[in-house]
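Its first residue numbered 12, the sequence shown is counted upward by one per residue in the working numbering. Note that CB positions come from ideal geometry on N, CA and C, so glycine has one too.
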Amino acid sequence: MKYTVKVAGKVYGVEIVDLNARPILARVDGEIFEVLPENNVRLDAGGGENVKAVKAPMITEAGMGSASNDNAIFAPLPGNITEVFVKAGDEVQTGQVILIIEAMKMKNSLRSTRTGKLAAVLVSAGQTVAHKQALVEFEP
Numbered sequence: 012m013k014y015t016v017k018v019a020g021k022v023y024g025v026e027i028v029d030l031n032a033r034p035i036l037a038r039v040d041g042e043i044f045e046v047l048p049e050n051n052v053r054l055d056a057g058g059g060e061n062v063k064a065v066k067a068p069m070i071t072e073a074g075m076g077s078a079s080n081d082n083a084i085f086a087p088l089p090g091n092i093t094e095v096f097v098k099a100g101d102e103v104q105t106g107q108v109i110l111i112i113e114a115m116k117m118k119n120s121l122r123s124t125r126t127g128k129l130a131a132v133l134v135s136a137g138q139t140v141a142h143k144q145a146l147v148e149f150e151p
């Protein structure tokens with residue numbers, strides 16, 4: 012679905028796959044973001060192409076993780092793993108690209124949410140993953 016969103020007086024073209032999913036994945040000017048509305052926030056798709064946020068949502072870069080478990084990184088959306096750049100035992104840095112997931116003909120770089128040593132890489136190139144499926148685990 013394509014929407015026009017007005018934030019602080021500036022208008023943005025936004026493409027959203029599923030407005031009811033959490034986190035909401037939104038493409039804004041070619042960049043993909045996870046939109047994590049605060050508790051009790053409702054987004055209304057009213058007036059055709061307009062989306063109105065009742066409260067301002069928090070936006071973070073997609074792939075930086077939305078999991079409640081800091082010892083793992085989870086798939087932010089369902090898709091196919093096209094490349095894996097790490098293996099178990101590797102030291103990774105916060106923000107380092109660890110793998111590429113393709114969804115809806117778009118390649119998304121998933122980045123490490125923290126610095127640490129990987130205990131396990133749970134996926135491989137060519138594998139299909141579900142939303143919120145664990146992809147890698149860090150050593151405690």
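* Tell me the DSSP bridge mates of I112? -> Paired residue(s): I92, N119.
* Quick one, which of G24, T15, L36 has its alpha-carbon nearest M117's? -> Across the set G24, T15, L36, the C-alpha of L36 shows the shortest separation from the C-alpha of M117.
* For Q144, collect the residues of the same chain with a Cβ closer than 7 Å to its Cβ; drop the 5 residues on either side in sequence, then sort them by chain order. => Excluding sequence neighbours, Q144 sits near F85, A86.
* Other residues of its chain near A130: CB distance less than 7 Å, five sequence neighbours each side excluded -> Within the same chain, Cβ atoms closer than 7 Å to the Cβ of A130 are found at A99, E148, F149, E150, the five residues on either side in sequence being excluded.
* Since R125 sits in a beta bridge, which residues does DSSP pair it with? -> DSSP lists no partner for R125.
* Asked: What's the gap between the Cα of I112 and the Cα of T15?
  -> So the alpha carbons of these two residues sit roughly 26 Å apart.
* Can you tell me which of T126, R122, L146, G20 puts its alpha carbon nearest to the alpha carbon of F44? => When each option's Cα is compared against that of F44, the closest is R122.
* Asked: Considering A19, what are the terminal residues of the beta strand (DSSP E) in which it resides?
  -> Careful: A19 lies outside any beta strand (DSSP E) and carries neither H nor E.
* Asked: How would you label V22, buried or exposed, when you count the other beta carbons within 10 angstroms and need 16 or more for buried?
  -> It is exposed - the Cβ of V22 has fewer than 16 other Cβ atoms within 10 Å.
* Own chain residues within Cβ distance below 7 Å of Q107, not counting five before or after -> Here the set comprises R122, S123.
* Where DSSP assigns a beta bridge to G24, which residues make up the other side? -> T15.
* For A136, is the classification buried or exposed, using 16 other Cβ atoms within 10 angstroms of its Cβ as the cut-off for buried? -> With fewer than 16 other Cβ atoms within 10 Å, it is exposed.
* What residue range is occupied by the uninterrupted beta strand (DSSP E) comprising V147? -> For V147, the uninterrupted beta strand (DSSP E) segment begins and ends at 145 to 149.
* Element boundaries [beta strand (DSSP E), containing V134] -> Note, V134: premise wrong, no beta strand (DSSP E); not H, not E.
* **Secondary structure of A99, DSSP reduced to three states** => Under the three-state reduction of DSSP, A99 is assigned to coil, being neither helix nor strand.
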